[in-house]
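The structure appears below as structure tokens.
Chains as they are written, first to last, in our numbering: chain A, 1 to 332; chain B, 1001 to 1442.
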């Protein structure tokens, strides 16, 4: 007989692993990617490839030469960050800006805190917001859908539905006249609108959500609480004054809300650890998003809402505890 | 179908030996009977080196309330009373007996005839259970007579019998329910009499439909016994989870089943009680599942306590070349052995052999806060947090975070995608919190 191993129980382990979860998320991102390639063409391919390669490369280099630790690029989390950065950028953004955003995301957003598991903020959003506040012109220069498939930098551009809405309301136009300049809801649902590369098609993002739920990669609580809150909040505003406020369907289908609620806010590392906490986090993201969209000067607010709530996650985890077994009886 | 609500996992069941009939393991040439086989105080040895003993003769008497008697499982001569390695991995006192024939104490009824009529009164039953060295055979080995003595001010209205057998691989309870159905049911009636309760529910997981229907059918001839099928989910055999699943009551944090009016026994214990009270037979043997994917002839054996585990493995076809781990119990809660000479004891419900490729742990990675450990915890704890507190030696905080509620089922370590040793650190925390609590009392 050879040597036998002695270790404490359990002696069995599930087939769960970090790469398995991360590659599961990537599969869930695939439908949105395909729609984006269909709508924006070559630009999506260039921006996504650049972001993914930069994120993986920066993580590899930082671990090898700065931190001098074992490389973790194979776990797939840097690839996800890359895809998510590309998804919230316009598909006609110059390559150097994509690289810069990736560097900020991986270098500042992730590795400076100690890598995967230790970053308080969603790295992709850190990169995106850095670009957004530093290069506002380039970042709000959206290619027109369906007409620019073979053009990259010289794509013809137009405004997003949310920007049109904001602009129109500022000029005192009525909702109905603004909506006539905006694609029909069914087109918004299918992704035929201007916007960031991966945020456009609600149907593709929801498909990704369904996949992640079936595979048990995430639970439904965070996306549901965000979308529900946005629907209820904007629904109230719309019922109070339908001439001044667009209906909830418009809010749900436009901008980065779906992408944020499904793929950004659900980032494991930067979201709460139990169901009660997830509800608080999701509801607050929904409220802040609507406040920025309706009362703020930016047309879109979901990325800021998520980053703000990321900052509260440690606090939520500290004070919001899961239901303990035997708790109810103890209280009663 | 019923189950407990909070957490739980579905590890591969691997019940290779399900339905395999109980075989009698021949009495070995020599046994080592550890004196310490239960939770509580070790008993006092009452025999000497060189003495001849019979099967069923007492070797050690319980010391204090929470303790248990130990009997000889063989007849022969006591070679020595010495320290041997037991399942804990430590060296502890054992009586080593060289077997000579198979001569039993005369008062023991060795026939297979079912004795249904219960002559003993409540208090006599408690005495017999104590005398015959009965302890919980589900694995925890808590002395049974202690559970029969209900503290003042508490009252039991339910006896719950644990036939869940949620641990992967193990099938000893399953086969016992199939082969000793009426004996188990009689044992239950005996315990109902001792506890003065009128209702019993036997909880059995739904992967044992044959046992459920057989017990249901036979339970009609006994009064007050109900059989409840349960949805398969680990750790359903945990006392608190079983009570929740069967009668939907939650034992409060730090409390005992009796706080919600329940007393829980394993089906194996019920059979042992039957033999003790009706057949006058002390606890000298038990059903042990010997199992593993590469074993030639895995099965369920009736084994004399003190038999070396190596003898059991030989009977099952010998140790496979590719063996990486030998576990006393199953893969979720069992204890890895450091020697095959370790004897079978009262708490040995099975011996599981794992191949080399399943024996070692995978590389530990950063916690990615995926919340899976919280989702699966049947006690509603936060294993990731407890581990990080354990690493930082924040034991006072660990107490506040309910570390002591952990039932050590291992679901958290099982599910963790980063292969983090969550339960190791929680166990460390439990030891340290216990030290803190003792210091506080003094």
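Even for Gly, the Cβ is constructed at its ideal location relative to N, Cα and C.
Straight-line Cα distance separating residue j from residue i
| i | j | result |
| --- | --- | --- |
| residue 344 of chain A | residue 81 of chain A | Since the first residue shown for chain A is 1 and the last is 332, residue 344 of chain A is missing from the structure and cannot be characterised. |
| residue 322 of chain A | residue 144 of chain A | 46 Å |
| residue 253 of chain A | residue 57 of chain A | 34 Å |
| residue 198 of chain A | residue 138 of chain A | 17 Å |
| residue 1045 of chain B | residue 1066 of chain B | 16 Å |
| residue 1404 of chain B | residue 1252 of chain B | 12 Å |
| residue 121 of chain A | residue 113 of chain A | 10 Å |
| residue 1365 of chain B | residue 1416 of chain B | 10 Å |
| residue 60 of chain A | residue 1373 of chain B | 29 Å |
| residue 1433 of chain B | residue 1338 of chain B | 28 Å |
| residue 332 of chain A | residue 1234 of chain B | Unreliable placement is indicated for residue 332 of chain A, whose pLDDT of 37 sits below 50; the coordinate value is still reported in the next sentence. The straight-line gap from Cα to Cα measures roughly 28 Å. |
| residue 947 of chain B | residue 235 of chain A | For residue 947 of chain B there is no data in the structure shown, the boundaries of chain B being 1001 and 1442. |
| residue 306 of chain A | residue 255 of chain A | 14 Å |
| residue 62 of chain A | residue 68 of chain A | 8 Å |
| residue 1397 of chain B | residue 1378 of chain B | 21 Å |
| residue 19 of chain A | residue 1388 of chain B | 22 Å |
| residue 1273 of chain B | residue 1237 of chain B | 20 Å |
| residue 1186 of chain B | residue 117 of chain A | 56 Å |
| residue 1280 of chain B | residue 1250 of chain B | 36 Å |
| residue 127 of chain A | residue 187 of chain A | 29 Å |
| residue 1342 of chain B | residue 3 of chain A | 16 Å |
Any non-hydrogen atom of the ligand ADP within 8 Å of residue i CB
| i | result |
| --- | --- |
| residue 1147 of chain B | No copy of the ligand ADP appears in this structure; indeed no ligand is present at all. |
Spatially closest choice to residue i from the options, by CA coordinates
| i | options | result |
| --- | --- | --- |
| residue 194 of chain A | A:152, A:146, A:231 and A:63 | A:146 |
| residue 79 of chain A | A:29, A:174, A:168 and A:62 | A:29 |
| residue 227 of chain A | A:13, A:117 and A:263 | A:263 |
| residue 1070 of chain B | B:1376, B:1042, B:1086 and B:1227 | B:1042 |
| residue 1112 of chain B | B:1096, B:1350 and B:1278 | B:1278 |
| residue 1037 of chain B | B:1236, B:1090, B:1002 and B:1012 | B:1090 |
| residue 327 of chain A | B:1255, B:1059, B:1397 and B:1077 | B:1255 |
| residue 183 of chain A | A:160, A:170, A:97 and A:149 | A:160 |
| residue 32 of chain A | A:209, A:53 and A:42 | A:209 |
| residue 292 of chain A | A:318, A:270 and A:257 | A:257 |
| residue 1205 of chain B | B:1180, B:1183 and B:1241 | B:1241 |
| residue 1184 of chain B | B:1267, B:1068, B:1419 and B:1282 | B:1267 |
| residue 1412 of chain B | B:1402, B:1424 and B:1401 | B:1424 |
Coarse secondary structure for residue i, derived from DSSP in three states
| i | result |
| --- | --- |
| residue 1490 of chain B | An answer regarding residue 1490 of chain B cannot be provided, because it is not within the stretch 1001 to 1442 covered by chain B. |
| residue 972 of chain B | Because chain B is modelled from 1001 through 1442, residue 972 of chain B falls outside the range shown and cannot be assessed. |
| residue 91 of chain A | coil |
| residue 1205 of chain B | strand |
| residue 238 of chain A | helix |
| residue 1016 of chain B | coil |
| residue 229 of chain A | helix |
| residue 1265 of chain B | strand |
| residue 331 of chain A | Bear in mind that a pLDDT of 41 at residue 331 of chain A, under 50, signals an unreliable position, so the number given afterwards is only what the model happens to contain. Looking at residue 331 of chain A - three-state DSSP - the assignment turns out to be helix. |
| residue 1032 of chain B | strand |
| residue 248 of chain A | helix |
| residue 1249 of chain B | coil |
| residue 145 of chain A | coil |
| residue 220 of chain A | coil |
| residue 1427 of chain B | helix |
| residue 214 of chain A | helix |
| residue 1304 of chain B | strand |
| residue 1067 of chain B | strand |
| residue 1285 of chain B | strand |
Exercise. Scan the stretch 1318 to 1332 of chain B for residues whose Cβ lies nearer than 7 Å to a Cβ of chain A and list them as they occur along the chain.
Key: 1319, 1323, 1324, 1325, 1326, 1327, 1331 and 1332
With a threshold of 8 Å, are at least 3 pairs of Cβ atoms found where one atom belongs to the stretch 308 to 325 of chain A and the other to the stretch 171 to 189 of chain A? no
### Query
Hey, is the stretch 1288 to 1297 of chain B in contact with the stretch 1011 to 1019 of chain B, meaning 3+ C-beta pairs nearer than 8 Å?
yes
Contact set between the stretch 17 to 45 of chain A and chain B, restricted to residues whose Cβ is under 8 Å from the partner = 17, 18, 20 and 21
- Assess, as a yes-or-no matter, whether the stretch 1360 to 1379 of chain B is touched by the stretch 1303 to 1315 of chain B under the definition of 3 or more beta carbon pairs within less than 8 Å. no
Could you please tell me which residues of the stretch 263 to 282 of chain A, in chain order, have their CB closer than 7 Å to any CB of chain B?
268, 269, 273 and 274
Problem set entry | Where the stretch 1234 to 1254 of chain B meets chain A: residues whose CB sits under 7 Å from a CB there | 1240, 1250, 1251, 1252 and 1253
Query raised in the report: Got a sec: which bits of the stretch 114 to 134 of chain A sit with their beta carbon under 9 Å from any beta carbon on chain B, in order along the chain?
Result: 114, 115, 116, 117 and 118
TODO: Below 7 Å between beta carbons is the criterion; list the residues of the stretch 1100 to 1120 of chain B that meet it against any residue of chain A, in chain order.
DONE: none
Between the stretch 180 to 204 of chain A and chain B, which residues of the former have CB atoms less than 8 Å from a CB of the latter, in chain order?
none
Notebook entry, point to check: Three or more beta-carbon pairs under 8 Å between the stretch 1108 to 1123 of chain B and the stretch 1199 to 1217 of chain B, yes or no?
Noted result: no
What residues in the stretch 1148 to 1161 of chain B have a beta carbon less than 9 Å from any beta carbon of chain A?
none
Can you confirm whether the stretch 148 to 159 of chain A touches the stretch 83 to 94 of chain A when touching is taken to mean that 3 or more C-beta pairs between the two stretches lie within less than 8 Å?
yes
With three or more C-beta pairs closer than 8 Å as the rule, is the stretch 95 to 109 of chain A touching the stretch 33 to 50 of chain A?
yes
What residues in the stretch 1069 to 1100 of chain B have a beta carbon less than 8 Å from any beta carbon of chain A?
-> 1089
Just by C-beta distance, which residues in the stretch 1425 to 1442 of chain B are closer than 9 Å to chain A?
1427
At least three beta-carbon pairs within less than 8 Å, the stretch 1127 to 1142 of chain B to the stretch 1346 to 1361 of chain B: yes
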